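The sequence shown begins at 0 in numbering that gives the first Met the number 0 and counts up by one.
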Amino acid sequence: MKPQRLVLFVLKPFLRDESGNPAIEFALVVPILLVALLGLMDFGLMVYENTRLSQAADSGAKFAIMAGNQDDDDGIIAATRAALPDTYTTAEVSVSRQCRCPTGTTVVCDSVCTDEIKPGRYVEVSVTYPFSMIFSYPYMGRETVLNSHAVIRIPQ
């Protein structure tokens, strides 16, 4: 008997037996599913953290509207930081003020718009936070900066 026929004769019962196929398919598919699940978890965590930043910026904007025409930037920053968890020590909060006409052009706050209307006063609260993902992704890397801002019109 030739060696090729002997090998085929010995392996023939194993080649016909399909009882282990589900286990092999499971072993091949599970790592792919786990990588996809971990990637979804990573992006879900990033969206969650961005939502927290957005809520903090909204809290600062609410404080600004409660303060009215007072230029209390320190109070706005404190209200924004109070809305952030204690672990967000590296988050940066900034406040900017500007006046705009109904057309959207930015003007000096004491001026008058072209239609003899007083410009609206706006406060923008911005929060930035460096976020580290669990994994590194192509074209994105592991580190990213999350930004959120809220703009509110202050009544005069």
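Beta carbons: idealized from backbone N, C-alpha and C, even for Gly.
Since this is a predicted model, take the numbers as computed values, not measurements.
Comparing alpha-carbon positions, which option in the options lies nearest residue i?
{"i": "V144", "options": "D71, F8, V46 and A22", "result": "V46"}
{"i": "T127", "options": "N49, L39, R4 and M40", "result": "N49"}
{"i": "M40", "options": "I133, D72 and R96", "result": "I133"}
{"i": "D72", "options": "P101, S93 and S58", "result": "S93"}
{"i": "L52", "options": "S125, A35, A63 and L5", "result": "S125"}
{"i": "P101", "options": "F25, I116 and Y87", "result": "I116"}
{"i": "F130", "options": "A26, F25 and G43", "result": "G43"}
{"i": "E83", "options": "S58, M65, V6 and S95", "result": "Inspection of the sequence shows that residue 83 is occupied by Leu rather than by Glu. When only C-alpha atoms are compared, the closest one is S58."}
{"i": "Y136", "options": "E123, I31 and G38", "result": "G38"}
{"i": "D85", "options": "A55, S95, L5 and C112", "result": "A55"}
{"i": "Y121", "options": "L5, S95, D109 and Y138", "result": "S95"}
{"i": "F123", "options": "A81, D70, M139 and T88", "result": "Just to set this straight, residue 123 is Glu in the shown sequence, not Phe. Taking only the C-alpha atoms, the option nearest E123 is D70."}
Who are residue i's beta bridge partners in DSSP?
{"i": "F130", "result": "T143"}
{"i": "G119", "result": "R99"}
{"i": "T105", "result": "R99"}
{"i": "A78", "result": "In the DSSP output, where bridge partners are listed per residue, A78 has none listed."}
{"i": "S125", "result": "S93 and H148"}
{"i": "Y136", "result": "G140"}
{"i": "I153", "result": "R120"}
On the premise that residue j lies in contact with residue i, defined as a C-beta separation below 8 Å, what is that separation, rounded to the nearest angstrom?
{"i": "G67", "j": "C98", "result": "Actually they are not in contact, since the Cβ atoms of G67 and C98 sit about 15 Å apart, beyond 8 Å."}
{"i": "I151", "j": "I75", "result": "Rounded, the Cβ-Cβ distance is 10 Å, inconsistent with contact."}
Here's the rule I'm using: 16 or more other beta-carbon atoms within 10 Å means buried, otherwise exposed. How should residue i be labelled?
{"i": "G103", "result": "exposed"}
{"i": "T105", "result": "exposed"}
{"i": "T79", "result": "buried"}
{"i": "A60", "result": "buried"}
{"i": "A22", "result": "exposed"}
{"i": "S147", "result": "buried"}
{"i": "I31", "result": "exposed"}
{"i": "V111", "result": "exposed"}
{"i": "A35", "result": "exposed"}
{"i": "F8", "result": "exposed"}
{"i": "A149", "result": "buried"}
{"i": "F25", "result": "exposed"}
{"i": "A81", "result": "exposed"}
Could you check whether the Cβ of residue i sits closer than 8 Å to any Cβ belonging to chain D?
{"i": "L39", "result": "The structure shown contains no chain D; it holds only a single protein chain."}
Handout entry: Within the region 28 to 71, ranges of the beta strand (DSSP E) (whole runs, at least 3 residues)
Key = none
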